[in-house]
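In my numbering, the protein residues as written are -3 to 280.
We put the CB at the ideal spot given by N, CA and C, even for glycine.
Below is one structure, written out as structure tokens, with a few remarks after it.
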Amino acid sequence: MSYDLGVTTTANPNEYQFTIDNLDVPASFTISNIKYTFGDGTSYETTDPAETVLHTYMRKGSYSVTATVYANGQEFTKSTTVTVAANHPSYQEYLLDAMVMYNDFGETTLVPMAVDQSDGGATLEIVNNPDNSLYPNRSAHCALFTKYNAQWANAYTKLPDGYRFDLTLQPVFKVLVYGKAGDKVLLKLENTDRGGNAWQTGTADLIYTIQEDNKWEIAEFNFTGVSAGWDWTGDIFTNDVTTDPNFNKDFYNVVRIMVNPGDNSGTFSVYLDDLAGPHVEGLK
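Spelled out as structure tokens, the structure:
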């Protein structure tokens, strides 16, 4: 089976029409369902491949759109990117001057966390809290990040398509850490739109050093006055990501956390919990 995913704008603000074009179905195949995923957390299903599907985006941003055709127990998927230049005229921005919980690895998962094995092996597991007897962490579960002979393997949280961190009102990220005294926990922000060149506009490294063995500690990372980018790449750079409009809003979409960055001499682990940071406008 083969087909193309057609995408065109309509005369209405931020409205797009999606179609299945040039569909070639083998005689032995029967289409059972077609699912469109619009990249903003919504989707639409139909059984009619000739249907023109309309969707309106409320927020500006780049959205990954897929159309999946289900036939004879198989899936055939086409993908494209829709870039919306401006918010819908009826959309009202709402930004809190406060921190929000992204993930407590138990009851709250506003944004999931994954693992980037990078230049070596790494794992990320949801485990029982190694010590929930005292403040600041009485929760039942947490995450355990471990890297194996890797310099830059990391645990990361990526915002959904169309969402970005806003550092203008709240520039602080926090995460609970539990590990070995002296181990270093790095947190940085990146823009994955740059693909393999994301490092060029990533923030300078902020590092928290664990103070005591096997005790929950609050690691705070304040990006006020933190630089980003590298002037020798010929791209954008800044001395302060919270005041530069190229960086402080609608730019960063990834938080990366590492343990003992740059050290590939063995196995290193850190427990993580209650990752929090600036309110993300529109995300709920």
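Cα-Cα separation, residue i to residue j
i	j	result
residue 99	residue 4	36 Å
residue 140	residue 117	14 Å
residue 144	residue 150	11 Å
residue 66	residue 101	33 Å
residue 224	residue 181	19 Å
residue 194	residue 261	25 Å
residue 239	residue 246	13 Å
residue 46	residue 279	33 Å
residue 30	residue 71	9 Å
residue 211	residue 146	25 Å
residue 175	residue 105	23 Å
residue 184	residue 19	45 Å
residue 244	residue 95	16 Å
Endpoints, beta strand (DSSP E) assigned at residue i
i	result
residue 150	150 to 154
residue 89	Where residue 89 is concerned, there is no enclosing beta strand (DSSP E), given that its DSSP letter is neither H nor E.
residue 41	39 to 42
residue 136	Residue 136 -> no beta strand (DSSP E), and no H or E assigned at all.
residue 112	109 to 112
residue 160	No beta strand (DSSP E) holds residue 160; DSSP gives it neither H nor E.
residue 118	117 to 124
Residue i, buried or exposed, once every other Cβ within 10 Å from all chains shown has been counted against 16
i	result
residue 234	buried
residue 188	exposed
residue 23	exposed
residue 108	exposed
residue 213	buried
residue 166	buried
Residue i in three-state terms, based on DSSP
i	result
residue 272	strand
residue 21	coil
residue 277	coil
residue 0	strand
residue 264	strand
residue 129	coil
residue 26	coil
residue 281	Here the chain comprises residues numbered -3 to 280, so residue 281 is not present and cannot be evaluated.
residue 144	strand
TODO: Go through the stretch 44 to 105 residue by residue and report every complete run of the beta strand (DSSP E) that reaches 3 residues or more, in order.
DONE: 49 to 52, 57 to 67, 70 to 80 and 95 to 99
Task: Completely contained beta strand (DSSP E) runs for the stretch 166 to 244, where each covers 3 or more residues - done: 168 to 174, 180 to 186, 202 to 205 and 213 to 218
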